[in-house]
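Engineer: A single structure is presented below for examination.
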Amino acid sequence: MIAAYALTAALLASSAGEEIPWREPAQRLLGCWEGEGLGGEVAECWMPGPDGRVTGMFQLVTNGEQNFSEILIIDDFGEGPEMRLKHFHGDLKGWEEKDEFVTFKLKEAREDTLIFGGLTITFEGDDRLLMDLKMKTSAGVQTMNFTYDRTR
């Protein structure tokens, strides 16, 4: 019976507006960022959503043409915080099937860092952003580095 009361108290505390630690660093993404990565020019813009959710758009431009873009969301979808994203070719044809997306589960959140499985986002001050993405390639897992500067 005591366990039931403890569980109820924990659920009430978490639904009473208790601060969720990942939301504050995720809010630092808000705005637009430009930089280099994947052999081209990269840009991301993030906007606030309800209850601390953030939604973003990414694009890679190589040789003056949009190579691909992504729609991204960081939120708690019921099994803990994660980033979900969908890829699109330059002509807006999707990479993933209609109801599928890529998921990066949040492993750790710090004031200046969000660590997802396969992706680390680090803030250097207010206007510089570093992303390290682990990608599976034919040569094995490689880390792709992105460096962004805030533009707005």
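Whatever position you read off the sequence shown (first residue = 1), add 2 for the numbering used here. No residue lacks a Cβ here, since even glycine has one placed at the ideal position from N, Cα and C.
Please return the same chain residues whose Cβ sits closer than 8 Å to the Cβ of T115, not counting the five positions on each side in sequence.
Structural biologist: Position 113 of the sequence shown, counting from 1, holds the residue named residue 115. Only P27, T122, I123, T124, F125 meet the Cβ criterion.
Engineer: Using 10 angstroms around the beta-carbon of L94, count the other beta-carbons present and answer buried if the total reaches 16, otherwise exposed.
Structural biologist: Along the sequence shown, one-based indexing puts residue 94 at 92. The residue in question, L94, is exposed, as its Cβ has fewer than 16 Cβ neighbours within 10 Å.
Engineer: Measure from the alpha carbon of E98 to the alpha carbon of each residue in F106, T105, H89, then state which is nearest.
Structural biologist: In the sequence shown, residue 98 corresponds to position 96, counting from 1. Taking only the C-alpha atoms, the option nearest E98 is H89.
Engineer: Between K100, F106, G120, which lies nearest to M85 when the distance is taken from Cα to Cα?
Structural biologist: Numbered from its first residue, the sequence shown carries residue 85 at position 83. The candidate whose alpha carbon is nearest that of M85 is F106.
Engineer: Would you kindly report the start and end of the unbroken beta strand (DSSP E) that includes R2?
Structural biologist: Residue 2 lies beyond the range of the chain shown here (3 to 154); nothing can be said about it.
Engineer: In whole angstroms, give me the CA-to-CA distance for R154 and F103.
Structural biologist: Within the sequence shown, residue 154 is the residue found at index 152, counting from 1. Within the sequence shown, residue 103 is the residue found at index 101, counting from 1. If you draw a straight line from the Cα of R154 to the Cα of F103, it comes to about 28 Å.
Engineer: If you follow the alpha helix (DSSP H) that A28 is part of, which residue opens it and which one closes it?
Structural biologist: Position 26 of the sequence shown, counting from 1, holds the residue named residue 28. Unbroken alpha helix (DSSP H) run through A28: 25-29.
Engineer: Could you check the C-alpha separation between G66 and E38 for me, to the nearest Å?
Structural biologist: Within the sequence shown, the letter at position 64 stands for residue 66. Within the sequence shown, the letter at position 36 stands for residue 38. Approximately 14 Å between the Cα atoms of the pair.
Engineer: Could you tell me the alpha carbon to alpha carbon distance between K100 and R130, rounded to whole angstroms?
Structural biologist: Counting from 1 along the sequence shown, the entry for residue 100 is found at position 98. Counting from 1 along the sequence shown, the entry for residue 130 is found at position 128. In a straight line, the C-alpha of K100 is about 34 Å away from that of R130.
Engineer: What residue does the beta strand (DSSP E) around E46 start on, and which one ends it?
Structural biologist: Indexing the sequence shown from 1 puts residue 46 at position 44. Here the beta strand (DSSP E) through E46 covers 42-50.
Engineer: Under the DSSP definition of a beta bridge, which residues are partnered with E111?
Structural biologist: In the sequence shown, the residue the question calls residue 111 occupies position 109. In the sequence under discussion, the amino acid at residue 111 is Ala, which differs from the Glu named in the question. Answer is L116, bridged to A111.
Engineer: Is W24 near Y150, with beta carbons less than 8 Å apart?
Structural biologist: Here residue 24 is taken as the residue at index 22 of the sequence shown, counted from 1. Here residue 150 is taken as the residue at index 148 of the sequence shown, counted from 1. Not in contact: W24 and Y150 (Cβ atoms no closer than 8 Å).
Engineer: When you compare only the Cα positions, how much space is there between N69 and L62?
Structural biologist: As a position in the sequence shown, residue 69 is number 67, starting the count at 1. As a position in the sequence shown, residue 62 is number 60, starting the count at 1. Computed Cα separation, rounded: 5 Å.
Engineer: What did DSSP end up calling M3 once you bin it into helix, strand or coil?
Structural biologist: Translated into the one-based positions of the sequence shown, residue 3 becomes position 1. Here M3 scores only 42 on pLDDT, less than 50, and its place in the model is too uncertain to base an answer on.
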